[in-house]
Amino acid sequence: MQVLKNYKFSIILLAGVLVGAIAGTIMGEKSAVLQPFADVFLNMVFVIIVPLVFVSIAGSIASMTNLKKLGKILGIFFLVVVVTGIITAVLALITGLIFNPALNAEVSFGKAVQDQAAASLDIVGLITVSDFVELLSLKHMMALIVFAILFGISVSSIGEEGAPVSKLLSSLSSVLNKIVSIVMYYAPVGIACYFATLIGKVGNQIVWSVARASIIYVVFCILFFILFSFLATYFGGGKTGIKRFWKNIWLPLTTAMGTCSSTACIPVNRLAVKQMGIPDEIGDIIVPLGANMHKNGVVAVQMIKIIFLFGIFNMTMGTGDMIKAVLVALISGIIVGTIPSGGFIGELFICTAFGFPMEAVPILVILGTITDPFCTMVNVTGDPAFCMVISRIIEGKNWIKQKIGAVTQA
-13 MQVLKNYKFS IILLAGVLVG AIAGTIMGEK SAVLQPFADV FLNMVFVIIV PLVFVSIAGS
47 IASMTNLKKL GKILGIFFLV VVVTGIITAV LALITGLIFN PALNAEVSFG KAVQDQAAAS
107 LDIVGLITVS DFVELLSLKH MMALIVFAIL FGISVSSIGE EGAPVSKLLS SLSSVLNKIV
167 SIVMYYAPVG IACYFATLIG KVGNQIVWSV ARASIIYVVF CILFFILFSF LATYFGGGKT
227 GIKRFWKNIW LPLTTAMGTC SSTACIPVNR LAVKQMGIPD EIGDIIVPLG ANMHKNGVVA
287 VQMIKIIFLF GIFNMTMGTG DMIKAVLVAL ISGIIVGTIP SGGFIGELFI CTAFGFPMEA
347 VPILVILGTI TDPFCTMVNV TGDPAFCMVI SRIIEGKNWI KQKIGAVTQA
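Number 333 in the working numbering belongs to position 347 of the sequence shown; there are no gaps in the numbering.
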């Protein structure tokens, strides 16, 4: 009974996913009538994201008395993102070479697509905007994060004068967290409707030419998720870390698969890391950053797509091609993944990097659509585990025991 009590909400969410999947299969394209109910949930989540990201990052940094600690957190974040991204790309490369996702593939290409990748990879436009109002758009999340970091540093650096602002940010964070908890009561219904419409729309579009590649990637994602989660949480928090992770990861996991949006999962991921006992000054910074830049699911799927295209065109991957593939997949996960409509840009990036014809883009889009729930699952669930690793490095080996002790005494 205690198990059912602890996992009650997670079980309800999983039941919603199952009901939605069955409804989508039975109703087919008619499931589109459920789209408004899904949109209500998504819209409520999306409208919270901008203020939540700004307040959580700025508030966490503003409350820091040691800015050197912030630099250490961000430095470790970027280092681990690159290292885990390379490891993910290499594992996906090995998997693709062994199982050949393009075996007996037969595809028919759509119309050619113009080369837009170079023009879209605007780093300056990615991290800055020309007008403050543009920071309030989900299309400029990285710019918002940069501004929030600068704002938090400024508040912290002026000492007592910034104390009222720091308290205000803390209060706003509590208010927004309460809003998130209220919205989550509707989550099972919203996610069920989203799954129903998604499967009803995409189910009949699955073609045999990409079924093998999709299955290989899905299996890879599941195994990677389990292995990475156990290793990262054990390193970060030992057996206690593992237990806390698996107890609280189901809401982010189901939300990720239901929305196919890392950004939409920021609120639920912040709830999860708090329940896992991760320090706010780490979780509040890493979760929004991770949603934009820590995307091992994107890295893996880009690698599978590259190998898939090499197989379709009967091209042999040399050592140089493999190294380039790792770099392209890594860049896709860290940079291209932060761009609005980044999935489409990622397909163009692959074709331009290796000289594949643009007629290959439609099949990559289909493959991406089919695998997107699992891709997002890996992206989102990696962030709490990632936070545990950083907590271990920053706070020391016994951070989780100290955190639990502090909560118990309080």
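Positions of the beta carbon are idealized from the N, C-alpha and C atoms, including for glycine.
- The three-state reading of DSSP puts Cys246 in coil, since its state is none of H, G, I, E or B.
- Taken atom to atom, the span from the alpha-carbon of Ser167 to that of Trp236 is near 15 Å.
- About 6 Å separates the CB atoms of Gly283 and Thr362; that is less than 8 Å, so the two are in contact.
- In the same chain as Val285, and ignoring 5 residues on each side of it, the C-beta atoms closer than 8 Å to its own belong to Gly71, Thr74, Ala75, Ala78, Ala315, Leu316, Ser318 and Gly319, in chain order.
- If you compare the alpha carbons of Ala277, Val67, Gly148 and Ala44 with that of Ile376, the shortest gap goes to Val67.
- Inclusion of Glu381 and Ser46 in the CB contact set at 8 Å is not warranted, their separation being larger than that value.
- Look at Asp307 here: in three-state DSSP terms it is helix.
- Nearest Cα to Phe294 within the set Ile336, Lys(-6), Phe372 and Ile212: Ile336.
- Secondary structure at Val204: helix, using DSSP grouped into helix, strand and coil.
- Only residues of its own chain outside the window of five on either side were considered, and among them Val31 have a CB closer than 6 Å to the CB of Ala250, listed in chain order.
- In the DSSP assignment, Ala24 falls within the alpha helix (DSSP H) that extends over Gln21 to Ala48.
- Taking 8 Å as the upper bound for CB-CB distance, Ala178 and Gly6 are in contact here, some 4 Å apart.
- Three or more beta-carbon pairs drawn from the stretch 223 to 236 and the stretch 260 to 274 are found closer than 8 Å, and the two stretches are therefore classed as touching.
- Rounded to whole angstroms, the separation of the alpha carbons of Cys246 and Leu239 is 10 Å.
- In the three-state reduction of the DSSP assignment, Thr367 falls in the helix class.
- Proximity to Arg198 across Lys291, Tyr180, Thr114 and Gly227 peaks at Lys291, based on C-alpha coordinates.
- Annotated three-state conformation of Asn300 is coil, per DSSP.
- Membership of Lys260 in the alpha helix (DSSP H) is indicated by the continuous run Ile252 to Gln261.
- Under the three-state reduction of DSSP output, Pro265 falls in the coil class, being neither helix nor strand.
- If you ignore the 5 residues before and after Lys389, its C-beta comes within less than 6 Å of the C-beta of Gly263, all in its own chain and listed in chain order.
- Nearest in C-alpha terms to Ile62, of all of Met374, Gly186 and Asn300, is Met374.
- In the three-state DSSP reduction, Ala75 falls in the helix class (H, G or I).
- Cβ atoms of Ile252 and Val33 stay farther apart than 8 Å, at about 12 Å.
- Close CB contacts of Asn86 within its chain, under the 7 Å cut and outside five residues either way in sequence, are with Gly297 (chain order).
- Gly306 counts as exposed, since fewer than 16 other C-beta atoms from the protein chains shown sit within 10 angstroms of its C-beta.
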